[in-house]
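Engineer:
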Amino acid sequence: MNIDTKNLTITTAYQQLTARDFSAHELAAAYLKQIEEKNPELNAYLEVFDDVFEQAKEADRCIAAKENLTPLTGIPIALKDNMLLNGKRASAASKMLEIYRASYDATAVRKLKEIGLSSTARCVAFRLDTDARAVATALRLWCKREVVNVVVSDA
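Counting from 531, one number per residue, gives the positions in the sequence shown under our numbering.
1. With DSSP run on the structure shown, which of helix, strand or coil describes CYS592?
2. Excluding the 5 residues preceding and the 5 following ASP611 in the sequence, name in chain order all residues of the same chain whose CB lies nearer than 7 Å to its CB.
3. Among the residues of its own chain, which have a CB less than 6 Å from the CB of ASN616, if the five just before and after it don't count?
4. Beta strand (DSSP E) containing LEU609: first to last residue?
5. What first and last residue would you give for the alpha helix (DSSP H) that runs through ALA559?
6. Which one of THR548, TYR544, PHE552, THR542 has the shortest CA to CA distance from ASN532?
7. Beta strand (DSSP E) containing THR650: first to last residue?
8. Do you know whose CA, among ARG591, ILE607, LYS596, lies nearest ALA560's CA?
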């Protein structure tokens, strides 16, 4: 399957995942392929987590069973390297901290996990675009326990 990752938003990816147009495993594989191809030049990803496909398998199970679905179920996301994710390295791209492993989740990470975070990788930078606004809006609404069917314009 050929997934157009360049033009895919969180909203449309979630819609296509739940419509079963592609699986979370296929989506993760598409993003990992992009990382593999482009990261040698960009050097934006510091680490790709080894449990990406395990997380995708669990997301696919939830989608098939229509249980525990959240706005981020099955959506691969890279976290900025200064956000603590329990058990993962958090070096803030610093040589001094390169061996540090987080012993807990940062509050933002914990709240993202509550709405289905599938963390894929650690990255140096985070681009504030439509998808970032969608995540922020979904997180804000979820924390208030309001409706989380976030629709963000692609314009």
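Just so it is clear, CB atoms sit at the ideal spot from N, CA and C, and this is done for glycine as well.
Structural biologist: Based on what the coordinates show:
1. Counting from 1 along the sequence shown, the entry for residue 592 is found at position 62. CYS592: helix per DSSP, three-state reduction.
2. The residue given as residue 611 occupies position 81 in the sequence shown. Here the set comprises LEU576, ALA620, SER621, ALA622, ALA623, ARG652, CYS653, VAL654.
3. Numbered from its first residue, the sequence shown carries residue 616 at position 86. Excluding positions up to five away in sequence, the list reads ALA632, TYR634, ASP635.
4. The residue labelled residue 609 in the question sits at position 79 within the sequence shown. 606-610 is the extent of the beta strand (DSSP E) around LEU609.
5. Sequence index remark: in the sequence shown, residue 559 carries index 29 (1-based). Run containing ALA559: 554-572, per the alpha helix (DSSP H) assignment.
6. By one-based count along the sequence shown, residue 532 stands at place 2. ASN532 has its Cα closest to that of PHE552, out of THR548, TYR544, PHE552, THR542.
7. Locating residue 650 in the sequence shown gives position 120, where the first residue counts as 1. Residues 648-653.
8. Sequence index remark: in the sequence shown, residue 560 carries index 30 (1-based). Closest by alpha carbon: ILE607.
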